[in-house]
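Quick notes on the structure that follows.
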Amino acid sequence: MKTLHTLTRQFLLPLLLPLTFGVALLRIHGGRARSARAAGDRGALSIEMALIVIVVVAIAGAVLAAVSSFGNTVKKTVPTTIPTGLPTSS
């Protein structure tokens, strides 16, 4: 079980690297937004909130692209015809 856990971690880590980078950016901009809000700087707060929205939309787009790519790959492997010679249920 330990080997399976390690193998899974080593396989998924490179795939999730862009997501990890996006989360780090989100934390950085979230911290800046909190400090701008505490200082009462509305201009900086709005810029940081816009950057947070951009990062969240980019993460969602990456997840959507990955799911779409996986769906198209699986769609090619699923048979679309019904085999002949199967008994019919009446």
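Counting along the sequence shown from 1, when you hit position 83 you're at 82 in numbering that gives the first Met the number 0, and nothing is skipped either side. Even for Gly, the Cβ is constructed at its ideal location relative to N, Cα and C.
Beta-carbon proximity check, residue 58 vs residue 21, cutoff 8 Å: Your numbering for residue 58 matches position 59 in the sequence shown. Your numbering for residue 21 matches position 22 in the sequence shown. Result yes, Cβ atoms of residue 58 and residue 21 sit closer than 8 Å.
Inter-residue Cα distance where the pair is residue 65 and residue 74: If you number the sequence shown from 1, residue 65 lands on position 66. If you number the sequence shown from 1, residue 74 lands on position 75. Rounded to whole angstroms, residue 65 to residue 74 spans 14 Å at the Cα level.
First through last residue of the alpha helix (DSSP H) which encompasses residue 79: Looking up residue 79 in the sequence shown gives position 80. Segment: none, residue 79 is in no alpha helix (DSSP H) and carries neither H nor E.
Cα-Cα separation between residue 13 and residue 19, rounded to whole angstroms: Counting from 1 along the sequence shown, the entry for residue 13 is found at position 14. Counting from 1 along the sequence shown, the entry for residue 19 is found at position 20. One C-alpha to the other measures close to 10 Å.
Assigned exposure category for residue 54 - 16 Cβ within 10 Å defines buried: Against the sequence shown, residue 54 aligns to sequence position 55. It counts as buried.
Exposed unless 16 or more other CB atoms sit within 10 angstroms - verdict on residue 32: Translated into the one-based positions of the sequence shown, residue 32 becomes position 33. Buried: at least 16 other Cβ atoms inside 10 Å.
Beta-carbon proximity of residue 43 to residue 35, cut-off 8 Å: Taking the sequence shown and counting its residues from 1, one reaches residue 43 at position 44. Taking the sequence shown and counting its residues from 1, one reaches residue 35 at position 36. Result yes, Cβ atoms of residue 43 and residue 35 sit closer than 8 Å.
Burial state of residue 28 (16 or more Cβ within 10 Å): Residue numbering aside, residue 28 sits at position 29 when the sequence shown is read from its first letter. Buried, because 16 or more other Cβ atoms sit within 10 Å of the Cβ of residue 28.
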